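Participant: Residue numbers for the sequence shown follow my numbering, beginning at 28 and rising by one.
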Amino acid sequence: MHENGDDMRVYWARQLSHKICFQYALMLSKLWCSALMIVVIFVGFLTCGLITFLCYNIPDFSDPIKGFEARGTDIKSRISSWNQYIEESKVIEGSLSFYPTLHDTADYFEDFASDNRVIRDIDTMGYLNEPADSTDDSSSSSSSLMSSSDEYLDTDESFFCSERYGDYDARIAFVSEPGYSLFSLPAIHSVCKVDELRVRSHIDFNKYCLRQNFECCPSKSLGNYVALLRNRSSCFDVEQEDVTYAIELLQFCADYFHERTLTRLCWDYSTNSKRNEYCYAVPTNCTRFNAVYMLFQYVLSTDFLSIENPNNFHPKATMVISPITKGENHLKNIYIDNFKDSDLSDGETEIAGIDFGMKDSLFVDYLISDTVYPALGVTFVFFIMWVYIGSLFITTMSIASILMSLIFSYFFYIVVFRLVFFPFMNLCAIILLVGIGADDTFIFCDIWKKLRFERPHTPLLIIMIETLRHAVLTMFVTSFTTAAAFYVNAISSITAIRCFAIYAGTAIMINFLLTITWLPAVVIIHDLISQKLTCIKQRNQKTYFDKFLLFFRKLRYQASEYSRIFFEKLLPCIIIRLRIFWLLLFFSLAISGAILIFVTPGLSLPTVSEFQLLQSSHPFEKYDQVYRHLFRFENVQDGNDELSNSIPVNIIFGVHAVDNGNHWDPDDAGHLVLDDSLDISSPDSQQWMYGFCQRLREQTFYKRTLGYHPESCFMEGFRDWMTQNPCLTPSGIDVSPCCNNTTFPYSRSVFEYCLKELVLYLYDDLLIYFDGTVGGPKFHKDDDRISVVLVTFEAEFEYSVVYGKVNDFWNGINDWLDKELETAPKGLKNGWAIADESLLTFYDLQHHLAVGTPNSLMLSVSIATIVLLLTTRNLLITLYAMLSISGAIFLTIGILVFLGWELNILESVIISIAVGLSIDFTVHYGVAYQLAQEKDRESKVIFSVSQMGCAITMAALTTFVAGAFMMPSTILSYTRMGVFLMLIMTITWLYSTLFFQSVCHFVGPEKDFGLTAMKCCKKAHCNKSPSKHRLRDYSMSFQSSSMPQSSDSVELECLHDNGQQTIPVLKTLVRIPPSWDHNTHNSARTLNNSREIPMWDTPHLDTQRLNTKDLRLGEAAIQILHPDNFDRVHSRTERILEDEKFLTQVYHSVPNSDMIPNNDPTIKDIWVPIR
28 MHENGDDMRV
38 YWARQLSHKI
48 CFQYALMLSK
58 LWCSALMIVV
68 IFVGFLTCGL
78 ITFLCYNIPD
88 FSDPIKGFEA
98 RGTDIKSRIS
108 SWNQYIEESK
118 VIEGSLSFYP
128 TLHDTADYFE
138 DFASDNRVIR
148 DIDTMGYLNE
158 PADSTDDSSS
168 SSSSLMSSSD
178 EYLDTDESFF
188 CSERYGDYDA
198 RIAFVSEPGY
208 SLFSLPAIHS
218 VCKVDELRVR
228 SHIDFNKYCL
238 RQNFECCPSK
248 SLGNYVALLR
258 NRSSCFDVEQ
268 EDVTYAIELL
278 QFCADYFHER
288 TLTRLCWDYS
298 TNSKRNEYCY
308 AVPTNCTRFN
318 AVYMLFQYVL
328 STDFLSIENP
338 NNFHPKATMV
348 ISPITKGENH
358 LKNIYIDNFK
368 DSDLSDGETE
378 IAGIDFGMKD
388 SLFVDYLISD
398 TVYPALGVTF
408 VFFIMWVYIG
418 SLFITTMSIA
428 SILMSLIFSY
438 FFYIVVFRLV
448 FFPFMNLCAI
458 ILLVGIGADD
468 TFIFCDIWKK
478 LRFERPHTPL
488 LIIMIETLRH
498 AVLTMFVTSF
508 TTAAAFYVNA
518 ISSITAIRCF
528 AIYAGTAIMI
538 NFLLTITWLP
548 AVVIIHDLIS
558 QKLTCIKQRN
568 QKTYFDKFLL
578 FFRKLRYQAS
588 EYSRIFFEKL
598 LPCIIIRLRI
608 FWLLLFFSLA
618 ISGAILIFVT
628 PGLSLPTVSE
638 FQLLQSSHPF
648 EKYDQVYRHL
658 FRFENVQDGN
668 DELSNSIPVN
678 IIFGVHAVDN
688 GNHWDPDDAG
698 HLVLDDSLDI
708 SSPDSQQWMY
718 GFCQRLREQT
728 FYKRTLGYHP
738 ESCFMEGFRD
748 WMTQNPCLTP
758 SGIDVSPCCN
768 NTTFPYSRSV
778 FEYCLKELVL
788 YLYDDLLIYF
798 DGTVGGPKFH
808 KDDDRISVVL
818 VTFEAEFEYS
828 VVYGKVNDFW
838 NGINDWLDKE
848 LETAPKGLKN
858 GWAIADESLL
868 TFYDLQHHLA
878 VGTPNSLMLS
888 VSIATIVLLL
898 TTRNLLITLY
908 AMLSISGAIF
918 LTIGILVFLG
928 WELNILESVI
938 ISIAVGLSID
948 FTVHYGVAYQ
958 LAQEKDRESK
968 VIFSVSQMGC
978 AITMAALTTF
988 VAGAFMMPST
998 ILSYTRMGVF
1008 LMLIMTITWL
1018 YSTLFFQSVC
1028 HFVGPEKDFG
1038 LTAMKCCKKA
1048 HCNKSPSKHR
1058 LRDYSMSFQS
1068 SSMPQSSDSV
1078 ELECLHDNGQ
1088 QTIPVLKTLV
1098 RIPPSWDHNT
1108 HNSARTLNNS
1118 REIPMWDTPH
1128 LDTQRLNTKD
1138 LRLGEAAIQI
1148 LHPDNFDRVH
1158 SRTERILEDE
1168 KFLTQVYHSV
1178 PNSDMIPNND
1188 PTIKDIWVPI
1198 R
């Protein structure tokens, strides 16, 4: 018997949370302690800020898309290793050489500087004995186009100055207004006028333009090419007959262009004549001045006289290419002065898109200028908090704690976590933290105000204890779930998402810590100082400011009364009366959202490889997202020309595909790791490689090309050379064993010797220069060993960024290669393929967005479910809450899909954190419902709505407002985050308030149905006892003592005895003697008659059962607030009545002096008041 009492005492003595809560509240209740805490936190804030910003670099956002790529993935490992291999293949700096050390490298490059050798690059694929294909749009002249401004002084006296085609020049895309055609005389004059007034007339244009005879060259535009063809001086002199001639000429020459017989090589600018050697079949009129080619390739959109619609004479867009290099600072002045904040239409044409190459630098300016919108949001949230809280001091300090959270988080991010990369996405945490921080402040201050208002004479210690007990758990739950939703994104492979997850999650948790340290101290100081100021003002005459404050408080009180009526009367009535309607409505909306996500239109992966930084309406973004893809020359640069159906693929042996750089730092690409097991010299390896090349040519993805390309798969070329090479040269020199007398496969020594001889022959005799991208062996400069073997080929693939097409193409190549490597000898088993870097980088991003986002979302949901279950301790409440959260998420994401959102980087983060933001309100309602003392569903619903509705609504409103103020921003990330916050707050409030409460009213748990805590407690602590204890611990559950109380409600009250203030003893373990008669006692005394304790009637109390069983009163066991009373419990066996109605609340009025001794003999003789 005694053992069971000891077990109970040990169990409850372990609950140190009560003791910690008491000591912490006792410390805060002292003015000097609260002031010291504020000073310490503020000094820490200043210290962290100074260390971070003085000792570390300030974040650089000059490259805003840095980090928007996957790291540590298979594809990224290959791309990184390939780039490192290219770096190591550089002639001077690299450790690899295409040329064996039998020939001196320095002498070779001295010779190379004077020789006219044929240079091979990735575009020409190293075709032997042929000049580089000059018809390629990325011809060698492009290198000079990006040189310094000194080269602008061109000597070629042509109409457009030179063969500078405009690939690197500033460009503007025009569209026609309704009723006009771009290929009409008014539209041509309109475009010429806009070009002249907005670009060419600017002072910076005249300083930096491409010149001829000291005059700026004409812009490449439709009007100027028509003027050139008709011998007009400028586009302003073009007449209608000139336009008609140009249309007829383009219609006549269209087929030659589409057949690719009309190219840029058809016209010789030096002689102003047609080049018959290249374009003998093309009529001369189609080649004059390259005008037709330039119009089709650069100036007119692809729909004009296209193959699909040969009679379309109305292009969607036309291009003006200015003779000034884009990306320079001078273009920034032109844009700001003549384009920004001005009407881009003149009634006939409209500027649809601009590419000045300065979007990144302009983005940084927008980051600075758009800070006004978060500032306005914070200001409005500040005003709402001030009105609700009623204290300017507390509101100011609360906003300060939110801002300090950002600096503290940045300190941990940079100094503690040692993360050097800070993406601009991290700035979005400001918007989120304002809303979340305001939510926590509302919860804490709401509980404090209610307790202070209802118990004005209760000591601050007790008020703070109750506030902390009720607020800390719910704030921790909401902060933890939201932070967890961010932290789970750290598993992403995308660097920017990882960094954002760490920074935002840390900021939220630090804000929670400040809310339970900084905010309570602020509230205590405010309360104590306010009391003193009130006493002083009562003795002094009131000022006008005091009268204004009094008027303001009256308004607040009136508003609070209306709010109370709405949330305690009207809103519960709306929920209960229309519960079936709400269930059907929100269930249907959730289904609709799921259809929008998974069926039609469906949440799709990004289809444009350029990451959008600015609003879609911005001309820079309109060019990149829309008009850039309407012109052939832009598509050729991306490999996306309508006639281009292949991309280069490389299979590399001798390099380990590893991404050994810092995955948290985009600038750390790692280093090259060579495969020491590479062995291409053995006969088995030679035989396998030769067969590999033969089988490669038989694959469906292999594109056959014209000509002989032995370097593509060098083993074939090497064997052919050995076979065709006679052992005796015409001069009688014996070249054995590198001749046709040696049979394949060759011995190791012969292979290595003759391979070097072949490389010497290719350079010395055929003047071939191999770079890192050309197939063949690569030698290590230190020991001349073959370190890398490269096989190159063209693969059949119509360039596309559509995920499914790229996935099929890439998997097809890798699946075939994996099967081939299974039969490879040991020295060649580690080969891998790599294709176009930009294509695979974007595909890798798409793949990990498609895989990582659902994983993060499911992990967030799992964490939320566990937290809900631990918080509410009720399976049904948890189930209903997750239904509400899921519905809110489905509807939110469905609306975003309907708005045209794609699953890009920011959208992936938004979807993942939707769980963390949508759970907060449901947690508040669920805990309040569970802790309501009423047993029927309707009363529980009314209780939870009336108590939590106002605070939840204010939290939703502040977050909504923070998002709304971001809508005017030019930066897309800000506006997307703003749209999301407005949607998620609105939808979550509706689902948690209307749907969740309707479900609880319809099928919610009653009494202890679905409760899991008792079973766990029985199993953990009560197995040894023959008695069946029912243990419940609500000590850290949210329950404001200001809530409406029922006859058996749990409330902490401060009792007074003859004016002497006492410390309340809550939920103590006591015994009622069987001799006590409830019907004859209205009061009770201790056995020694030292004190009389009042009694309350309890109509449902069964006195017969009291006479037969000992009754353990209270919710569970001893939970006395005073730390000295943890062990003051009677040791005899106690049994709990199974009927919940007998578990009543005990208030034991014991003076503070009587509570000090642990062995107070009166504890077992005190009669207990039963309420």
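We put the beta carbon where it would ideally sit given N, CA and C, even for glycine. Quick caveat, the model's predicted, so the values are computed rather than measured.
(1) Hey, quick one: how far does the beta strand (DSSP E) through R198 stretch, first residue to last?
(2) Whole angstroms are fine: how far does the CA of Y589 sit from the CA of T1130?
(3) Taking DSSP as the reference, what is the three-state secondary structure of F9?
(4) Would you kindly report the start and end of the unbroken beta strand (DSSP E) that includes S814?
(5) With H, G and I counted as helix, E and B as strand and the rest as coil, what does DSSP make of I85?
(6) Given E61, which residues of its chain have a CB within under 6 Å of its CB, disregarding the five upstream and five downstream residues?
(7) Chain C beta carbons: is any one of them nearer than 8 Å to that of G697?
(8) Which runs of the alpha helix (DSSP H), 4 residues or longer, sit entirely within the segment 705–741?
(9) For W691, which three-state DSSP category applies?
(10) Roughly how many angstroms separate the alpha carbons of C754 and D863, rounded to a whole number?
(11) Rounded to whole angstroms, what's the CA-CA distance from L394 to Y1018? Just pull it up for me.
(12) Can you name the residues that DSSP bridges to L322?
(13) In terms of DSSP beta bridges, what is F806 paired with?
(14) List the whole-angstrom C-beta distance separating G927 from F1022, where the pair is believed to meet the contact cut-off of C-beta under 8 Å.
(15) Could you name the residues of the same chain whose beta carbon sits closer than 7 Å to that of Y437, not counting the 5 residues immediately before and after it, in chain order?
(16) Rounded to whole angstroms, what's the CA-CA distance from Y283 to Y272? Just pull it up for me.
(17) For F201, tell me which candidate among C236, N356, E375 has the shortest Cα-Cα distance.
(18) Residues in the same chain with beta-carbon distance under 8 Å from L487, minus the five sequence neighbours each way, listed in chain order, please.
(19) Where I607 and I904 are concerned, what is the direct C-alpha to C-alpha distance, given to the nearest angstrom?
(20) Report the partner residues of S300 according to the DSSP bridge assignment.
(21) Out of curiosity, what's the CA-to-CA distance linking L332 and C280?
(22) Give me the DSSP bridge partner(s) of M346.
(23) Helix, strand or coil for L701? Go by DSSP, reduced to three states.
(24) Can you look up V682 in the DSSP assignment and give me helix, strand or coil?
(25) Over what stretch of residues does the alpha helix (DSSP H) that includes W843 continue unbroken?
(26) Alpha carbon to alpha carbon, what distance is there between I893 and G532?
(27) Got a sec, what are the start and stop residues for the alpha helix (DSSP H) D222 sits in?
(28) Looking only at its chain, what residues have a beta carbon closer than 6 Å to the beta carbon of D467, apart from the 5 residues adjacent to it on each side?
(29) Would you identify the three-state DSSP class for S644, choosing helix, strand or coil?
(30) Name the DSSP beta bridge partners of T352, please?
(31) Strictly by DSSP, which residues pair up with S673?
(32) Quickly, what does DSSP pair S372 with across the bridge? List them, please.
(33) Name, in chain order, the residues that DSSP records as bridge partners for L403.
(34) Return yes when the Cβ of I65 is within less than 8 Å of the Cβ of W20, no when it is not.
(35) Specify the secondary structure class of S1102 as computed by DSSP and reduced to three states.
(36) Within its chain, find whatever has a CB closer than 6 Å to the CB of R655; leave out the 5 residues flanking it on each side and keep chain order.
Facilitator: The short version:
(1) Along the sequence shown, read from residue 1 onward, the residue named residue 198 stands at position 171. Counting along the chain, the beta strand (DSSP E) containing R198 begins and ends at 196–203.
(2) The residue labelled residue 1130 in the question sits at position 1103 within the sequence shown. The residue labelled residue 589 in the question sits at position 562 within the sequence shown. Confidence at T1130 is low in this model, with a pLDDT of 40, below 50, so its placement is unreliable and the value that follows should be read with caution. Using only the alpha carbons, I get a separation of about 45 Å.
(3) It is not possible to answer for residue 9, since the shown part of the chain is limited to 28 through 1198.
(4) Sequence index remark: in the sequence shown, residue 814 carries index 787 (1-based). That run of the beta strand (DSSP E) goes 813–823.
(5) Position 58 of the sequence shown, counted from the first residue, corresponds to residue 85. In the structure shown, I85 sits in coil (DSSP, three-state: anything other than H, G, I, E or B).
(6) Your numbering for residue 61 matches position 34 in the sequence shown. Here residue 61 turns out to be Ser, not Glu, going by the sequence shown. Closer than 6 Å at Cβ, skipping near neighbours: L55, A548, I551, I552.
(7) No chain C appears in this structure, which consists of one protein chain only.
(8) 710–723
(9) Counted from its first residue, the sequence shown places residue 691 at position 664. Note: W691 maps to coil in three-state DSSP.
(10) Start at 1 with the first residue of the sequence shown, and residue 754 comes out as number 727. Start at 1 with the first residue of the sequence shown, and residue 863 comes out as number 836. The alpha-carbon atoms of C754 and D863 are separated by roughly 42 Å.
(11) As a first step, residue 394 must be located in the sequence shown, where it is residue number 367. As a first step, residue 1018 must be located in the sequence shown, where it is residue number 991. CA-to-CA, the gap between L394 and Y1018 works out to about 35 Å.
(12) Looking up residue 322 in the sequence shown gives position 295. Its beta-bridge partners do not exist; DSSP assigns none.
(13) Start at 1 with the first residue of the sequence shown, and residue 806 comes out as number 779. For F806, which the question treats as bridged, DSSP gives the partners S124, I813.
(14) As a position in the sequence shown, residue 927 is number 900, starting the count at 1. As a position in the sequence shown, residue 1022 is number 995, starting the count at 1. Not quite, the Cβ-Cβ distance comes to about 27 Å (not below 8 Å), so this is no contact.
(15) Locating residue 437 in the sequence shown gives position 410, where the first residue counts as 1. The answer, listed in chain order, is T79.
(16) Residue 283 sits at position 256 when you count from the first residue of the sequence shown. Residue 272 sits at position 245 when you count from the first residue of the sequence shown. Between Y283 and Y272, the C-alpha separation is close to 18 Å.
(17) What you label residue 201 is simply residue 174 of the sequence shown in a count that begins at 1. Ranking the options by Cα distance to F201, first place goes to E375.
(18) Locating residue 487 in the sequence shown gives position 460, counting from the first residue. So the list reads S56, I551, D554, L555, once near-sequence residues are dropped.
(19) Taking the sequence shown and counting its residues from 1, the one referred to as residue 607 is at position 580. Taking the sequence shown and counting its residues from 1, the one referred to as residue 904 is at position 877. Near 18 Å, if we compare the C-alpha coordinates of I904 and I607.
(20) Taking the sequence shown and counting its residues from 1, the one referred to as residue 300 is at position 273. BP columns for S300 point to D295.
(21) By one-based count along the sequence shown, residue 332 stands at place 305. By one-based count along the sequence shown, residue 280 stands at place 253. Distance between the alpha carbons of L332 and C280: 10 Å.
(22) Sequence index remark: in the sequence shown, residue 346 carries index 319 (1-based). A200.
(23) Walking along the sequence shown from the start, residue 701 turns up at place 674. Reduced to three states, the DSSP call for L701 is strand.
(24) Walking along the sequence shown from the start, residue 682 turns up at place 655. For V682, the secondary structure class from DSSP, reduced to helix, strand or coil, is strand.
(25) Within the sequence shown, residue 843 is the residue found at index 816, counting from 1. Note, W843: alpha helix (DSSP H), 830–849.
(26) Along the sequence shown, one-based indexing puts residue 532 at 505. Along the sequence shown, one-based indexing puts residue 893 at 866. Roughly 19 Å between the two C-alpha positions.
(27) Against the sequence shown, residue 222 aligns to sequence position 195. According to the DSSP assignment, D222 belongs to no alpha helix (DSSP H), since it is labelled neither H nor E.
(28) Mapped onto the sequence shown, residue 467 falls at position 440. Cβ within range, chain order: M502, T542.
(29) For the purposes of this step, residue 644 is identified with residue 617 of the sequence shown, where counting begins at 1. Coil.
(30) Stepping through the sequence shown from its first residue, residue 352 is reached at position 325. Answer by DSSP bridge pairing, in chain order: D196.
(31) In the sequence shown, residue 673 corresponds to position 646, counting from 1. DSSP output for S673 lists E823 as bridge partner(s).
(32) For the purposes of this step, residue 372 is taken as the residue at position 345 of the sequence shown. S372 is bridged to E377.
(33) Position 376 of the sequence shown, counted from the start, is the residue given in the question as residue 403. According to DSSP, which records beta bridges pairwise, L403 is partnered with nothing at all.
(34) This structure does not reach residue 20, given that the chain is present from 28 up to 1198, and the question cannot be answered.
(35) Taking the first residue of the sequence shown as position 1, residue 1102 is located at position 1075. Reliability of the predicted coordinates at S1102 is poor, the pLDDT of 45 falling under 50, and no value is obtained from them.
(36) Residue 655 sits at position 628 when you count from the first residue of the sequence shown. Within its own chain, the residues whose Cβ lies closer than 6 Å to the Cβ of R655, once the five positions on either side in sequence are excluded, are E661, listed in chain order.
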